[in-house]
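J.: Counting from 1, position 123 in the sequence shown corresponds to residue 443 in my numbering; the numbering is continuous, with no gaps.
Backbone N, C-alpha and C fix where the C-beta goes; we use that ideal spot for every residue, glycine too.
The structure displayed is predicted, hence computed values, not measured ones.
First, the structure itself, so that you have it in front of you.
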Amino acid sequence: MRDAQVIVVVEDEAVVRMLAVDALREEGYRVFEVAHAEGAIQYLEEHADDVRGLFTDHHLAGQLTGLDLAHHTDRHWPWIAILLASGIARPDPHVLPRRTRFLRKPYEIDEVIGHLQEMIALD
Numbered sequence: 321m322r323d324a325q326v327i328v329v330v331e332d333e334a335v336v337r338m339l340a341v342d343a344l345r346e347e348g349y350r351v352f353e354v355a356h357a358e359g360a361i362q363y364l365e366e367h368a369d370d371v372r373g374l375f376t377d378h379h380l381a382g383q384l385t386g387l388d389l390a391h392h393t394d395r396h397w398p399w400i401a402i403l404l405a406s407g408i409a410r411p412d413p414h415v416l417p418r419r420t421r422f423l424r425k426p427y428e429i430d431e432v433i434g435h436l437q438e439m440i441a442l443d
């Protein structure tokens, strides 16, 4: 029942965020979008029970990186699947939290959807 599933999209580039949000909504997901990790954490503190996936850029405006957000999410809400994207740095797989996949930019939006669907289906 996908209508109860929320994906949080964290991306500080508005156009990139909009493309991901639109595609995920077309797939039937409810989406919360935000430009920085701090806003995502604030949302998760109140709504994490409905959230099944987090799609975040590694490099974000603000004090926390996407990797920081991934670790925080894994620690507090371990059921949330995490997809971390970057065009600059590929993190060492040993530093990625469990249930986290890395996606290299540039990517096709179908890759985002496919990874999130696969990860959510593992629940």
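Give the secondary structure of Ile327 by DSSP, where H, G and I count as helix, E and B as strand, and everything else as coil.
T.: Sequence index remark: in the sequence shown, residue 327 carries index 7 (1-based). Three-state result, Ile327: strand.
J.: Quick check: the Cα distance between Arg322 and Leu380, rounded to an integer number of angstroms?
T.: Position 2 of the sequence shown, counted from the first residue, corresponds to residue 322. Position 60 of the sequence shown, counted from the first residue, corresponds to residue 380. Bear in mind that the predicted position of Arg322 carries a pLDDT of just 47, short of 50, making it unreliable; the figure below should be weighed with that in mind. Going from the Cα of Arg322 to the Cα of Leu380 covers about 28 angstroms.
J.: So, with DSSP's three-state summary, where would you put Met321?
T.: Within the sequence shown, numbered from 1, the residue matching residue 321 stands at position 1. Unreliable positioning characterises Met321 in this predicted model, as indicated by a pLDDT of 38, which lies under 50. The coordinate reading is nonetheless provided below. Coil, per DSSP.
J.: Residue range of the alpha helix (DSSP H) that Gly386 falls in?
T.: Position 66 of the sequence shown, counted from the start, is the residue given in the question as residue 386. Its alpha helix (DSSP H) spans residues Gly386 to His396.
J.: If we define contact as Cβ-Cβ less than 8 angstroms, is Asp430 a contact residue for chain D?
T.: Looking at the structure shown, chain D is missing, and only one protein chain is on hand.
J.: Short check: CB of Val354 to CB of Ile400, under 8 angstroms?
T.: Against the sequence shown, residue 354 aligns to sequence position 34. Against the sequence shown, residue 400 aligns to sequence position 80. The beta carbons of Val354 and Ile400 sit no closer together than 8 angstroms.
J.: Find the nearest neighbour of Met338 within the set Val415, Thr376 and Ala368, judged by alpha-carbon distance.
T.: In the sequence shown, residue 338 corresponds to position 18, counting from 1. Selected option, being the one with the closest Cα: Thr376.
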